[in-house]
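**Q**
Residue numbers (the working numbering): 221 to 820.
This is the structure in structure tokens:
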């Protein structure tokens with residue numbers, strides 16, 4: 221008896237393909253992150269494997285790519301949220317001068333190389349070369365954020381260039397449309413009209429944001445419905461993207477403008493946290509779809525061309541960015557680091573190559589080859605980012621940062637002018653003490669310069685440098701650096717060299733304190749200990765605990781912690797006296813409770 225199979229429904233297809241795509245994506249993203257190669261490459265490889273060119277497990281790559289481009293739109297919206305008009309104005313020189321110069325010079329150079337080095341026509345060379353000037357915001361920006369460098373001078377220059385590259389999508393799309401050989405594109409609006417459309421759309425979005433969106437967000441905020449923030453945020457992104465799309469403009473630009481309009485809104489962080497998961501999922505799907513539509517056969521037919529072109533893209537962009545960054549005031553090594561950081565091709569290249577293919581400027585095989593060029597250049601990014609970070613924090617030239625031998629002799633020397641050292645220095649200066657501040661991070665020194673705060677360059681753990689800073693005359697040396705490697709031999713050497721100076725040290729944790737036991741220091745402050753106690757006090761206050769009981773809890777906790785630490789020092793074991801720690805069901809016997817008859 222024949223077996224009748226039920227027809228495959230769209231739900232069946234969605235579940236099957238979702239299971240396969242998410243399974244492969246999870247495995248390869250975890251693998252590539254473990255190898256230090258980043259999530260983007262994991263998505264691309266996973267997409268290529270499940271696509272029709274290799275295993276053929278999932279089809280419809282182009283359809284998925286069209287849907288997943290919303291991930292790019294959401295990325296641009298979140299980038300816009302990170303800005304506000306005041307910051308845009310402050311960064312205008314780096315955005316509109318350095319960014320413009322990088323895109324134009326890199327694009328022209330790569331288009332020229334393609335034209336003279338291959339058989340592509342002039343229009344095809346332009347449509348291929350200009351997108352290669354763009355870098356990967358999806359790779360570089362998260363790296364800058366996670367390392368805390370996004371607001372450093374180095375990070376702001378990188379961010380400014382990335383921002384201009386993202387804004388340049390509109391003129392690049394216009395250029396490709398103007399070069400189109402597709403008769404279907406002949407009836408499109410001319411470039412000058414697209415510019416007017418862009419200006420009008422941005423103005424319209426600005427008015428809508430001020431007179432419609434902000435009142436709606438205030439209403440949602442008073443209602444306290446978190447889900448509505450998700451709805452309003454997604455509606456804002458989709459509406460602005462739809463407006464731009466209907467005018468034949470970049471949907472990404474519309475989303476970016478919407479983000480900028482909300483950048484100074486009190487609800488910015490709420491919207492960003494709600495939109496971020498959608499952005500991450502759709503951007504991952506975008507890279508999966510790019511891998512799926514990659515024509516592996518076209519790549520394997522010309523492997524030498526793809527490899528050499530990817531290396532050429534990286535080399536050309538490094539050289540141009542290196543020179544431009546130095547021209548805009550960066551020192552040589554940091555400028556080279558910036559070039560390495562932004563040397564890869566970007567995700568918008570995939571979008572522009574697809575447009576060039578649809579405009580009949582290049583064949584589908586050529587689009588696949590150059591998609592592979594961008595992908596391969598992205599593979600170099602994790603390694604180049606590590607090298608770029610070393611160059612960013614490399615020792616600067618003597619004429620760039622002043623060393624402390626030129627500093628006026630002060631009462632105290634602060635080693636490390638980060639968030640911890642700044643507070644210590646401010647309190648000392650607030651009392652009128654003369655303070656010499658030293659830091660070994662050029663980015664921190666440059667940032668301090670913007671606040672008119674003189675910080676000298678150098679490694680403050682070296683006795684010779686401390687002596688040049690006036691440690692022989694100082695009454696206090698405060699080590700405020702976040703470095704567990706600041707060990708007993710280093711501090712003993714400093715103590716021996718400067719016996720008249722009291723030495724206080726910021727330590728990372730209890731292990732660090734145990735390692736420093738036995739040195740006659742002026743004081744050791746455990747990182748975050750006091751701020752954690754302050755939060756504990758505030759938490760009890762909000763729970764309605766009486767002030768006198770809060771004070772007694774704090775006192776008994778400090779005594780208990782001190783007792784534990786004395787045992788740990790004596791035995792040299794972090795786990796000693798762990799029975800003294802408080803656990804669920806074991807509380808303090810407060811004298812105030814006993815006196816009021818409220819015992820357990």
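For each residue, glycine too, the CB sits at the ideal point set by N, CA and C.
Got a sec? Which residues, its chain only, sit under 6 Å from residue 690 by beta carbon, not counting five neighbours each side?
**A** Along the chain shown, read from residue 1 onward, the residue named residue 690 stands at position 470. 629, listed in sequence order.
**Q** My output table needs one value for residue 676: the three-state DSSP class, helix, strand or coil.
**A** Here residue 676 refers to the residue found at position 456 of the chain shown. Here residue 676 sits in strand by DSSP.
**Q** To the nearest angstrom, how far is it from the Cα of residue 586 to the Cα of residue 393?
**A** Within the chain shown, residue 586 is the residue found at index 366, counting from 1. Within the chain shown, residue 393 is the residue found at index 173, counting from 1. Roughly 18 Å between the two C-alpha positions.
**Q** Could you round the C-beta distance between residue 688 and residue 625 to whole angstroms and report it? I think they count as a contact, below 8 Å.
**A** In the chain shown, the residue the question calls residue 688 occupies position 468. In the chain shown, the residue the question calls residue 625 occupies position 405. Sure, about 4 Å apart at Cβ, within 8 Å.
**Q** Let me check one thing: in DSSP terms, what residues is residue 532 bridge-paired to?
**A** Locating residue 532 in the chain shown gives position 312, counting from the first residue. Answer is none; residue 532 lacks a bridge partner.
**Q** Per DSSP, what kind of secondary structure is residue 657 in: helix, strand or coil?
**A** Numbered from its first residue, the chain shown carries residue 657 at position 437. Three-state result, residue 657: strand.
**Q** Bridge partners of residue 725, per DSSP?
**A** As a position in the chain shown, residue 725 is number 505, starting the count at 1. In the DSSP output, where bridge partners are listed per residue, residue 725 has 699 and 744.
**Q** Using the C-alpha atoms, what's the distance from residue 746 back to residue 277?
**A** Counting from one through the chain shown, the residue named residue 277 turns up at place 57. Counting from one through the chain shown, the residue named residue 746 turns up at place 526. Each residue's Cα considered, the two are about 55 Å apart.
**Q** Would DSSP call residue 483 helix, strand or coil?
**A** Taking the chain shown and counting its residues from 1, one reaches residue 483 at position 263. Note: residue 483 maps to coil in three-state DSSP.
**Q** Go ahead and pull the three-state DSSP assignment for residue 278.
**A** On the chain shown, position 58 is the one that residue 278 refers to. Residue 278 falls in the coil class under three-state DSSP.
**Q** Should the region 263-277 be regarded as contacting the region 445-464, the criterion being three or more beta carbon pairs within less than 8 Å?
**A** The answer is no - the region 445-464 does not touch the region 263-277, with fewer than three Cβ pairs under 8 Å.
**Q** Note the first and the last residue of the continuous alpha helix (DSSP H) segment covering residue 634.
**A** Against the chain shown, residue 634 aligns to sequence position 414. First-last for residue 634: 632-635, but that is the beta strand (DSSP E), not the alpha helix (DSSP H).
**Q** So is residue 645 buried or exposed if we call it buried at 16+ other beta carbons inside 10 Å?
**A** Taking the chain shown and counting its residues from 1, the one referred to as residue 645 is at position 425. By the 10 Å Cβ count, residue 645 comes out buried.
**Q** So residue 316 and residue 384 are in contact, right, with Cβ under 8 Å, and what is the actual spacing, rounded?
**A** Position 96 of the chain shown, counting from 1, holds the residue named residue 316. Position 164 of the chain shown, counting from 1, holds the residue named residue 384. Residue 316 to residue 384, Cβ: 7 Å. Contact.
**Q** Below 7 Å CB to CB, which residues in the same chain sit around residue 436 once its five sequence neighbours on both sides are set aside?
**A** Against the chain shown, residue 436 aligns to sequence position 216. Result list for residue 436: 452, in chain order.
**Q** In the structure shown, what three-state DSSP assignment does residue 579 receive?
**A** Position 359 of the chain shown holds residue 579. The answer is coil: DSSP assigns residue 579 none of H, G, I, E or B.
**Q** Compare the Cα-Cα distances from residue 743 to each of 715, 331 and 797 and report the closest residue.
**A** In the chain shown, counting from the first residue as 1, residue 743 sits at position 523. Of the candidates 715, 331 and 797, the one whose C-alpha sits nearest the C-alpha of residue 743 is 715.
**Q** With H, G and I counted as helix, E and B as strand and the rest as coil, what does DSSP make of residue 828?
**A** This structure gives no information on residue 828, because the portion of the chain shown stretches from 221 to 820.
**Q** Pair every Cβ in the region 512-519 with every Cβ in the region 312-328, then say whether three or more of these pairs are closer than 8 Å.
**A** These segments do not touch.
**Q** Restricting to runs no shorter than 4 residues, where is the alpha helix (DSSP H) found entirely within the region 395-478?
**A** The region 395-478 contains these whole alpha helix (DSSP H) runs: 411-428, 434-443 and 446-466.
**Q** Is the separation between the beta-carbon of residue 348 and that of residue 698 shorter than 8 Å?
**A** Indexing the chain shown from 1 puts residue 348 at position 128. Indexing the chain shown from 1 puts residue 698 at position 478. Not a contact, by the Cβ cut-off of 8 Å.
**Q** Whole angstroms is fine: what's the gap from residue 334's alpha carbon to residue 471's?
**A** Here the question's residue 334 lines up with position 114 in the chain shown. Here the question's residue 471 lines up with position 251 in the chain shown. Taking the straight line from one Cα to the other gives about 29 Å.
**Q** Is DSSP giving residue 355 helix, strand or coil here?
**A** On the chain shown, residue 355 is found 135 positions in, with the first residue counted as 1. It is coil, neither helix nor strand.
**Q** Hey, is the region 243-250 in contact with the region 325-344, meaning 3+ C-beta pairs nearer than 8 Å?
**A** Too few Cβ pairs lie closer than 8 Å, so no.
**Q** Contact between the region 747-755 and the region 705-725: three or more CB pairs below 8 Å?
**A** The answer is no - the region 705-725 does not touch the region 747-755, with fewer than three Cβ pairs under 8 Å.
**Q** In terms of residues, what are the limits of the alpha helix (DSSP H) holding residue 622?
**A** Here residue 622 refers to the residue found at position 402 of the chain shown. Note, residue 622: premise wrong, no alpha helix (DSSP H); not H, not E.
**Q** For residue 651, does the three-state DSSP call read helix, strand or coil?
**A** Taking the first residue of the chain shown as 1, we reach residue 651 at position 431. Of the three classes helix, strand and coil, the one that applies to residue 651 here is coil, per DSSP.
**Q** Which whole-angstrom value describes the C-beta separation of residue 568 and residue 591, a residue pair presumed to lie in contact below a C-beta threshold of 8 Å?
**A** Against the chain shown, residue 568 aligns to sequence position 348. Against the chain shown, residue 591 aligns to sequence position 371. With 8 Å as the limit, residue 568 and residue 591 do not qualify as a contact, their Cβ atoms being about 12 Å apart.
**Q** Does the region 426-442 come into contact with the region 604-612, if we say contact requires no fewer than three beta-carbon pairs (one atom in each stretch) closer than 8 Å?
**A** These segments do not touch.
**Q** Report the three-state DSSP secondary structure of residue 261 (helix, strand or coil).
**A** Taking the chain shown and counting its residues from 1, one reaches residue 261 at position 41. Reduced to three states, the DSSP call for residue 261 is helix.
**Q** Examine the Cβ distances between the region 372-383 and the region 554-563 and report whether three or more of them are shorter than 8 Å.
**A** Result yes; three or more Cβ-Cβ pairs closer than 8 Å.
**Q** Tell me whether residue 264 is buried or exposed, calling it buried when 16 or more other Cβ atoms sit within 10 Å of its Cβ.
**A** Within the chain shown, the letter at position 44 stands for residue 264. Buried, since its Cβ has 16 or more Cβ neighbours within 10 Å.
**Q** Which of the three DSSP states, helix, strand or coil, is assigned to residue 629?
**A** As a first step, residue 629 must be located in the chain shown, where it is residue number 409. Note: residue 629 maps to coil in three-state DSSP.
**Q** How long is the line joining the alpha carbons of residue 683 and residue 660, rounded to whole angstroms?
**A** The sequence position of residue 683 within the chain shown is 463, counting from 1. The sequence position of residue 660 within the chain shown is 440, counting from 1. So the alpha carbons of these two residues sit roughly 15 Å apart.
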